[in-house]
Amino acid sequence: MRLARFLAAAGVASRRKAEECIRQGRVSVNGQVVTRVATEVDPGRDRVTLDGRPLQPERRLYVMLNKPAGYVSTVHDPQGRPTVLDLLPDLGVRLFPVGRLDLDTEGLLLLTNDGGFSQRVAHPRHQTGKVYEALVQGRVDGDGLQRLLRGVMVEGTLARAERARIVARQGENTVLEICLHEGRKRQVRRMCAAIGHPVLRLRRTAVGPLTLGGLRPGEYRLLSEEEVESLLQGRRRPSRPSGRRRPAR
Ligand code: URA
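Take 1080 as the starting number for the sequence shown in the numbering used here and just add one per residue.
Dropping the structure here:
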């Protein structure tokens, strides 16, 4: 592992700041000052210090949360609203959400302390499919579905669903399942509004190969190594259904 990455993983600083620390001669590996940014270290064997202080890389955690409505997907909210982190116990690392769900959107949200993983999963270039179940106003017909699949204009650019189907009718309303590879702000809500069927309720049910399974709103669970790997590789793996409740505080 690159030394700067090790320092970042140890929670010292961002990768760029870590490189500065190395250049400034503040970092030692096995007692030797190292100033070459490209130095490789073995986190299991090498002894790394910053300003003489020994460092341990922070363990990587990957969490799946079934986000209820009413929580913001940020680490801190300047308006003081509850955040998704309020739903988790202290797991000993600084987690942040992978991408965003709107305040009122429910469902599958991943959190991690691994920046590389987050970029890989959230970036549209990597085409991680995200599946949403949307209760929309009115009766969507085949034409409406085709418009979602062909693409609708959202803020001057074309937004397109990879897949879209009608799951159920609820009185005068329709439940749609929509799969996106993009992740623009309020994309599902805007696309449905553009075809004349505003969203009444929105839930994300899958990210890549992972599904919510039996996880109930407000519950979380840790991802297994295989699940993390399957997201990074874009491979299909079944999701484990069991969930954990946040311990009472
Ligand atoms: N699309 C939306 O409109 N909202 C979300 O939270 C996620 C996708």
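Note that CB positions come from ideal geometry on N, CA and C, so glycine has one too. In this text the structure is predicted, and so the values were computed from the model without any measurement.
Query, Result
"Taking 7 Å as the cut-off, is the CB of arginine 1265 close to at least one heavy atom of the ligand URA?", "yes"
"Who are the Cβ neighbours of methionine 1270 in its own chain at under 8 Å, not counting the five residues just before and after it?", "Leu1227, Val1231, Val1233, Ala1238, Ala1240 and Ile1257"
"Given this structure, state the Cα-to-Cα distance separating tyrosine 1211 from leucine 1302, to the nearest angstrom.", "20 Å"
"When you compare only the Cα positions, how much space is there between leucine 1134 and valine 1200?", "28 Å"
"Any idea what DSSP makes of alanine 1213, helix, strand or coil?", "strand"
"Between Leu1140, Arg1102, Pro1157 and Ser1152, which lies nearest to aspartate 1130 when the distance is taken from Cα to Cα?", "Arg1102"
"Tell me the DSSP secondary structure of arginine 1314 in three-state form.", "With a pLDDT of 44 at arginine 1314, under the threshold of 50, the modelled position of that residue is not reliable, and no figure is offered here."
"Between arginine 1268 and the ligand HEM, is there a pair consisting of the residue's CB and a ligand heavy atom that are separated by less than 7 Å?", "The ligand HEM is not part of the structure shown, which contains the ligand URA as its ligands."
"Could you give the first and the last residue of the continuous alpha helix (DSSP H) run that contains glutamine 1135?", "Per DSSP, glutamine 1135 belongs to no alpha helix (DSSP H) and is neither H nor E."
"When DSSP labels each residue in this structure, what does valine 1091 get in the three-state scheme?", "coil"
"If contacts are defined as beta-carbon pairs under 8 Å, then leucine 1182 and leucine 1144 qualify, I think. What distance do you get, rounded to the angstrom?", "Rounded, the Cβ-Cβ distance is 15 Å, inconsistent with contact."
"Give a yes or no on contact between the stretch 1279–1299 and the stretch 1171–1186, applying the rule of three or more CB pairs nearer than 8 Å.", "yes"
"Going straight from the alpha carbon of glutamine 1312 to that of arginine 1242, what length do you get?", "21 Å"
"Exposed or buried, what is serine 1093 when buried is set at 16 or more other beta-carbons lying within 10 Å of its beta-carbon?", "exposed"
"Once the 5 residues before and after threonine 1207 are set aside, which same chain residues still bring their CB inside 6 Å of it?", "Val1200 and Gly1287"
"Alpha carbon to alpha carbon, what distance is there between valine 1142 and glutamate 1306?", "11 Å"
"Give me the DSSP bridge partner(s) of serine 1107.", "Val1112 and Thr1128"
"Which same chain residues end up closer than 7 Å to valine 1113 when comparing Cβ atoms and leaving out the 5 residues on each side of it in sequence?", "Leu1082, Ile1101, Val1106 and Ser1107"
"On the criterion of 16 or more Cβ atoms from any shown chain inside 10 Å, does lysine 1264 qualify as buried, or is it exposed?", "exposed"
"For glutamate 1251, tell me which candidate among Val1267, Gly1235, Ala1285 and Gln1216 has the shortest Cα-Cα distance.", "Gln1216"
"Between leucine 1174 and leucine 1190, is the Cβ-Cβ spacing less than 8 Å?", "yes"
"Using only the alpha-carbon positions, how far apart do serine 1197 and alanine 1273 sit?", "30 Å"
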